[in-house]
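Participant: The structure under discussion is supplied below as C-alpha cells; questions concerning it will follow.
In our numbering, the protein residues as written are 1 to 227.
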C-alpha cells in the first residue's frame with residue numbers, strides 16, 4: 001500500500017478505508033474511440049491501485065467518469081444498449097476506460113460508467129449525484145499531480161458527500177500540465193456551491209455549458225486537453 005503516493009483530502013483517512021476509486025476523464029484520442037495517453041495512464045494506474053488494495057474483496061467499485069472534453073468535436077455516432085436511443089459523438093471516455101479496465105482483469109461488476117460529464121467539475125458532480133456511489137464509503141481520486149491538487153483542494157470539498165483522498169499517478173513519462181484557465185473556470189463554476197446545494201447537477205451543468213461555450217470562442221482549444 002505504501003507504494004502509492006497520496007495527496008491528503010479528508011483528515012486522517014487511511015488507504016484501507018477506501019471503497020471507491022474515481023477516474024476523472026482526461027480526454028480521448030484523435031479518432032474518439034479510445035483514450036488520450038494521459039487518460040490511459042490514469043486508467044491503468046487505477047486498475048493497479050484497485051488490485052493492490054484488493055478492493056474486490058470489499059465490493060469496491062471503480063467509477064469511470066467522462067464523455068468528452070468541451071473542445072472535442074471528433075467521432076462518429078456511437079450507441080450503447082445500456083442507454084437505448086441516446087446518441088453519442090464518438091465513444092465516451094468512461095466506456096473507453098471500462099474497456100481498458102476489463103482487459104486488465106477488473107470485473108465488470110466492479111466498474112460503474114458515468115458517460116455524460118464533460119469537464120472535471122461535472123465528473124465529480126455526476127458521479128456523486130447520479131447513483132455511481134452505492135453507499136457513503138470514502139473514495140480515492142486517481143490523477144496526475146498537475147491536476148490532482150485542483151481536484152482535491154478545490155473541487156472535491158464542494159462536490160463530494162464522502163471522505164476522499166488523492167492518489168498520484170506518476171507523470172514523468174508523459175508530462176502534462178494544468179493551465180490557469182481551467183482552475184479559474186472550476187472556481188467560477190463552484191461559486192456558492194456545496195455538496196448539498198439544491199439542484200447541484202442542473203446548476204453546475206448550466207454553468208459549465210455557458211463557461212465553456214465562451215471559452216471555446218475566445219481561447220484556442222488546443223491549449224487544454226480536458227478540463
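Where a beta carbon is used, it is the ideal one built from N, C-alpha and C, also for glycine. Note that the structure is predicted; figures quoted are calculated from it, not measured.
How would you call residue 161, buried or exposed, if buried means at least 16 neighbouring beta carbons within 10 angstroms?
Facilitator: Label assigned to residue 161: exposed.
Participant: Taking DSSP as the reference, what is the three-state secondary structure of residue 45?
Facilitator: The answer is helix: DSSP assigns residue 45 an H, G or I state.
Participant: Under 6 Å Cβ to Cβ from residue 140, same chain only, skipping five residues before and after it: list those, please.
Facilitator: These residues qualify, in order along the chain: 18, 21, 165, 167.
Participant: DSSP on residue 18, reduced to helix/strand/coil?
Facilitator: Coil at residue 18, not helix or strand.
Participant: Excluding the five sequence neighbours on either side, which residues of its own chain have a C-beta within less than 7 Å of the C-beta of residue 207, listed in chain order?
Facilitator: So the list reads 189, once near-sequence residues are dropped.
Participant: Counting Cβ pairs closer than 8 Å, one from the segment 69-81 and one from the segment 127-138, do we hit at least three?
Facilitator: Not touching, per the Cβ criterion.
Participant: Name the one or two DSSP bridge partners that residue 166 has.
Facilitator: Looking at the DSSP assignment, residue 166 forms a beta bridge with 7, 141.
Participant: How far does the alpha helix (DSSP H) with residue 200 in it reach, from first residue to last?
Facilitator: Start and end: 200-218.
Participant: If you draw a straight line from the C-alpha of residue 47 to the C-alpha of residue 199, how long is it?
Facilitator: Cα-Cα distance, rounded: 33 Å.
Participant: Would you give the residue range spanned by the alpha helix (DSSP H) that residue 94 belongs to?
Facilitator: Taken as a continuous stretch (DSSP letters only), the alpha helix (DSSP H) holding residue 94 covers 93-103.
Participant: With distances taken between CB atoms, is the gap from residue 84 to residue 119 smaller than 8 Å?
Facilitator: No, these two residues do not count as a Cβ contact at 8 Å.
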